[in-house]
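Here's the structure, in structure tokens; my notes come after.
There are 2 protein chains.
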Amino acid sequence: MITHSQPYVRKDERRAMIAQAARELILENGYAALRTRDVAARVGINISTLHFHVPSKTALVALVAETTRDSFLAMLPPAPDPARPARVQLRAEAQAYRDSLRDRPELAACFMQLTQTSGIEPNVAAVLESFTRGWCQRYADILAIGQAQEVFRADLSPFPAAIAMTGALTAFGHRGSNGLEMFWPVFDEIERGFLAAPGKEESVR
Amino acid sequence: MITHSQPYVRKDERRAMIAQAARELILENGYAALRTRDVAARVGINISTLHFHVPSKTALVALVAETTRDSFLAMLPPAPDPARPARVQLRAEAQAYRDSLRDRPELAACFMQLTQTSGIEPNVAAVLESFTRGWCQRYADILAIGQAQEVFRADLSPFPAAIAMTGALTAFGHRGSNGLEMFWPVFDEIERGFLAAPGKEESVR
DNA sequence: TTCAAAATCAATCATATGATTGATTCATGA
DNA sequence: TCATGAATCAATCATATGATTGATTTTGAA
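Note that the protein sequences, when read in sequence, are chains A and B. The opening position of the first sequence corresponds to residue 775 in my numbering, with each subsequent residue numbered one higher. The opening position of the second sequence corresponds to residue 775 in my numbering, with each subsequent residue numbered one higher.
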């Protein structure tokens with residue numbers, strides 16, 4: 775018989791292990807191929823043990839959504855601050871996201887794939903949408919701060935601009951996307967479009 | 775007994791009906807919930823008739839990918855033309871995509887969802903990726919044309935800019951996205967960032 | 001040490017799901 | 001007309017899959 779690598783783990787920790795295994799499987803095979811048996815096997819527990827900790831597949835998906843959101847939130851830089859340079863904050867925001875793509879690729883992948891369930895799992899959709907809205911709002915806030923600092927164009931519309939930035943960066947979270955080598959070129963290009971025309975009494979940085 | 779609404783249809787037409795039904799179901803329930811039985815039921819045919827026309831689920835997914843690509847290609851405006859105004863061409867490109875989101879929402883939805891199967895269906899991934907690359911290239915070409923016409927910034931990098939534009943617009947193809955009311959504000963905001971500084975002799979070196 | 005609660009497992013159930021088989025119905029050219 | 005192939009269907013198979021049941025092992029407080 776197989777010796778369990780992690781026997782008799784506390785419920786909270788076991789649930790975290792289950793969520794992580796599910797995220798990895800979603801990253802590797804896609805949400806459509808997610809099977810409760812495969813999750814249990816990756817954790818190294820019996821299928822009924824999985825059901826003891828997470829009662830149903832619906833609950834598993836909800837758990838994955840919530841913990842993915844929490845992991846993303848934990849990686850965010852400090853909240854937008856009118857007292858700090860906007861370009862520094864904007865770049866820090868993008869850097870945190872890029873780091874997550876490099877270090878925790880399963881997070882963005884799960885985020886993408888769980889949108890598949892939007893039509894049939896409203897609670898999951900709510901988790902994802904509220905995070906997306908909050909994430910976009912951070913960019914909008916930074917852009918507005920940058921306008922006050924006269925770093926960004928006065929005619930910039932922060933919210934559409936934030937949707938554009940987050941939408942463009944989100945494309946790098948897809949599985950089929952060609953790596954991250956275009957991440958900063960794309961960011962730089964968008965940011966350049968946001969900058970105020972140089973030459974006045976403006977002070978960069 | 776149920777009277778069949780479409781009895782004895784030719785193979786090509788039947789395959790087109792099957793592909794369309796599959797697309798609609800993917801739009802409604804997500805790729806993960808796609809079942810061959812449901813596709814057959816929506817077409818109004820027996821499950822074995824579906825297998826007669828499309829031998830396996832893998833073949834069905836490939837069919838959906840190819841016909842979705844073809845439908846998208848059919849909606850594209852004329853190819854980029856150095857002789858025509860770049861901003862007009864750029865807007866026409868976005869307009870065609872926006873029209874597709876309004877009139878054929880299942881196309882973008884399928885594109886999204888099938889992209890997520892990249893890891894396990896390489897042939898499908900190839901179809902989608904080649905289209906994505908071609909689509910992005912059209913934007914890059916238009917942007918380069920616009921630079922030659924001195925409509926867009928001389929320091930614009932067409933390819934990163936094209937990735938940014940297509941990535942931002944792609945976000946509107948998601949199911950959970952908040953409708954299309956922000957489509958043109960987002961497009962306008964990005965385009966504004968691409969424009970050359972207005973008329974006054976901005977070539978101050 | 002004891003024992004109740006927590007955690008785990010083997011076995012199994014009920015249904016879902018992709019696919020097949022063989023008969024049947026329709027279309028069409030000779 | 002009628003023979004042939006194309007298209008369709010009812011019935012069924014083999015396996016996958018989410019979930020349950022009841023027994024077993026471990027933990028930790030008294």
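Glycine residues also receive a C-beta, built at the ideal position from the N, C-alpha and C atoms.
Would you kindly work out how many angstroms separate the C-alpha atoms of Asp786/A and Pro856/A, rounded to a whole number? Position 12 of the first sequence, counting from 1, holds the residue named residue 786/A. Position 82 of the first sequence, counting from 1, holds the residue named residue 856/A. Going by the C-alpha atoms only, they are around 38 angstroms apart.
Taking 9 angstroms as the threshold (C-beta atoms), are Ala942/A and Ile916/B in contact? Reading the second sequence from its first residue, position 142 is the one you call residue 916/B. Reading the first sequence from its first residue, position 168 is the one you call residue 942/A. For Ile916/B and Ala942/A, no; Cβs fall outside 9 angstroms.
Contact criterion: CB-CB distance below 9 angstroms. Does Val960/A meet it with respect to chain B? For the purposes of this step, residue 960/A is identified with residue 186 of the first sequence, where counting begins at 1. It does; some Cβ of chain B falls within 9 angstroms.
Establish whether the CB of Thr944/A and some CB of chain B are separated by less than 9 angstroms. Stepping through the first sequence from its first residue, residue 944/A is reached at position 170. Judged by the 9 angstroms Cβ criterion, Thr944/A is in contact with chain B.
Can the beta-carbon of Phe961/B be found closer than 9 angstroms to that of Leu930/B? Position 187 of the second sequence holds residue 961/B. Position 156 of the second sequence holds residue 930/B. In this structure, Leu930/B does not lie closer than 9 angstroms to Phe961/B by Cβ.
What does the alpha-carbon distance come out to for the pair Gln887/A and Tyr805/A? Taking the first sequence and counting its residues from 1, the one referred to as residue 887/A is at position 113. Taking the first sequence and counting its residues from 1, the one referred to as residue 805/A is at position 31. C-alpha separation (whole angstroms): 6 angstroms.
Terminal residues of the alpha helix (DSSP H) in which Val838/B lies: Within the second sequence, numbered from 1, the residue matching residue 838/B stands at position 64. Start and end: Lys831 to Met849.
Along the stretch 883-897 of chain B, what residues have a CB closer than 7 angstroms to any CB found in chain A? Gln887, Thr889, Gln890, Thr891, Ser892, Gly893 and Ile894
Kindly indicate which three-state DSSP category Leu969/A falls into: helix, strand or coil? Taking the first sequence and counting its residues from 1, one reaches residue 969/A at position 195. In this structure, Leu969/A counts as strand in the three-state DSSP scheme.
Tell me, please, whether the CB atom of Leu954/B is closer than 9 angstroms to any CB atom in chain A? Start at 1 with the first residue of the second sequence, and residue 954/B comes out as number 180. No, Leu954/B lies away from the interface with chain A (no Cβ there is under 9 angstroms from its Cβ).
Glu976/B to Arg966/A, Cα distance in whole Å? Looking up residue 976/B in the second sequence gives position 202. Looking up residue 966/A in the first sequence gives position 192. For Glu976/B, the pLDDT reaches just 43, beneath the cut-off of 50, and the residue's location in the model is therefore unreliable, although a value from the coordinates is still provided. So the two alpha carbons sit approximately 16 angstroms from each other.
How about Cys910/A and Ala839/A: do their beta carbons lie closer than 9 angstroms? Taking the first sequence and counting its residues from 1, the one referred to as residue 910/A is at position 136. Taking the first sequence and counting its residues from 1, the one referred to as residue 839/A is at position 65. In this structure, Ala839/A does not lie closer than 9 angstroms to Cys910/A by Cβ.
Residue-level contact to chain A via CB, Glu867/B, 9 angstroms cutoff: Numbered from 1 along the second sequence, position 93 holds the residue referred to as residue 867/B. Answer no: the Cβ-Cβ gap between Glu867/B and chain A never drops below 9 angstroms.
Counted within 10 angstroms of its Cβ, other Cβ atoms place Leu881/B as buried (16 or more) or exposed: Here residue 881/B is taken as the residue at index 107 of the second sequence, counted from 1. Answer is buried; the Cβ neighbour count reaches 16.
So Val813/A packs on Leu824/A, CB below 8 angstroms; how close in whole Å? Reading the first sequence from its first residue, position 39 is the one you call residue 813/A. Reading the first sequence from its first residue, position 50 is the one you call residue 824/A. Rounded, the Cβ-Cβ distance is 6 angstroms, consistent with contact.
Below 8 angstroms on C-beta distance, what does Asn803/A contact in chain B? In the first sequence, residue 803/A corresponds to position 29, counting from 1. Here the neighbours are Gly893 and Ile894.
Please compile the residues from chain A whose C-beta is within a distance smaller than 7 angstroms of the C-beta of Phe968/B. Your numbering for residue 968/B matches position 194 in the second sequence. Correct list: Gly967.
When the Cα atoms are used, what is the spatial distance from His778/A to Met791/A? Position 4 of the first sequence, counted from the start, is the residue given in the question as residue 778/A. Position 17 of the first sequence, counted from the start, is the residue given in the question as residue 791/A. Because His778/A sits at a pLDDT of 42, beneath the cut-off of 50, its placement in the model cannot be relied upon, and the point is left open.
Quick check: what's the CA-CA separation for Leu837/B versus Glu867/B? For this step, residue 837/B is matched to residue 63 along the second sequence. For this step, residue 867/B is matched to residue 93 along the second sequence. Whole-angstrom Cα-Cα distance: 26 angstroms.
Identity of the residues DSSP links to Phe926/A by a beta bridge: Within the first sequence, the letter at position 152 stands for residue 926/A. BP columns for Phe926/A point to Leu969/A.
Is it the case that the Cβ atoms of Leu902/B and Phe946/B are separated by a distance below 9 angstroms? Within the second sequence, residue 902/B is the residue found at index 128, counting from 1. Within the second sequence, residue 946/B is the residue found at index 172, counting from 1. It is not a contact, given that the beta carbons lie outside the stated cut-off.
C-alpha gap between Arg811/B and Arg843/B, whole angstroms: Position 37 of the second sequence holds residue 811/B. Position 69 of the second sequence holds residue 843/B. Straight-line Cα distance between these residues: approximately 24 angstroms.
Could you check whether Glu895/A and Val817/A sit closer than 9 angstroms to each other, using their CB atoms as the reference points? Along the first sequence, read from residue 1 onward, the residue named residue 817/A stands at position 43. Along the first sequence, read from residue 1 onward, the residue named residue 895/A stands at position 121. In this structure, Glu895/A does not lie closer than 9 angstroms to Val817/A by Cβ.
Near-chain A residues of the stretch 828-843 of chain B - C-beta to any C-beta below 7 angstroms: none
Within its chain, find whatever has a CB closer than 8 angstroms to the CB of Ile821/B; leave out the 5 residues flanking it on each side and keep chain order. The residue labelled residue 821/B in the question sits at position 47 within the second sequence. The residues are Thr810, Arg811 and Ala814.
Please tell me whether Pro854/B and Phe933/A are closer than 9 angstroms, where the distance is taken between their beta carbons. Here residue 854/B is taken as the residue at index 80 of the second sequence, counted from 1. Here residue 933/A is taken as the residue at index 159 of the first sequence, counted from 1. No, the Cβ-Cβ distance between Pro854/B and Phe933/A is not below 9 angstroms.
Check whether chain A comes within 9 angstroms of Phe938/B, counting only Cβ atoms and requiring the distance to be less than that. Here the question's residue 938/B lines up with position 164 in the second sequence. As written in the sequence, residue 938/B is Ala, which differs from the Phe given in the question. So, interface residue.
Need the endpoints of the alpha helix (DSSP H) that Gly953/A sits in, please. For the purposes of this step, residue 953/A is taken as the residue at position 179 of the first sequence. Premise fails: Gly953/A is in no alpha helix (DSSP H) and is neither H nor E.
With 9 angstroms as the limit, tell me which residues of the stretch 914-933 of chain A have their beta carbon closer than that to any beta carbon of chain B; keep them in chain order. Arg927, Asp929, Leu930, Ser931 and Phe933
Considering just the uninterrupted stretch of the alpha helix (DSSP H) at Ser931/A, what are its terminal residues? Position 157 of the first sequence, counted from the start, is the residue given in the question as residue 931/A. Where Ser931/A is concerned, there is no enclosing alpha helix (DSSP H), given that its DSSP letter is neither H nor E.
Counting only Cβ pairs nearer than 7 angstroms, list the residues of chain A close to Ala870/B. In the second sequence, counting from the first residue as 1, residue 870/B sits at position 96. Within 7 angstroms Cβ-Cβ: nothing; Ala870/B doesn't reach chain A, min ~18 angstroms.
Please state whether the Cβ-Cβ distance between Gln921/A and Arg912/A is less than 9 angstroms. Taking the first sequence and counting its residues from 1, one reaches residue 921/A at position 147. Taking the first sequence and counting its residues from 1, one reaches residue 912/A at position 138. No.
Secondary structure of Ala857/A, DSSP reduced to three states: One-based indexing of the first sequence puts residue 857/A at position 83. If DSSP states are grouped into helix, strand and coil, Ala857/A belongs with coil.
Tell me, please, whether the CB atom of Gly941/B is closer than 9 angstroms to any CB atom in chain A? Reading the second sequence from its first residue, position 167 is the one you call residue 941/B. Yes, contact with chain A.
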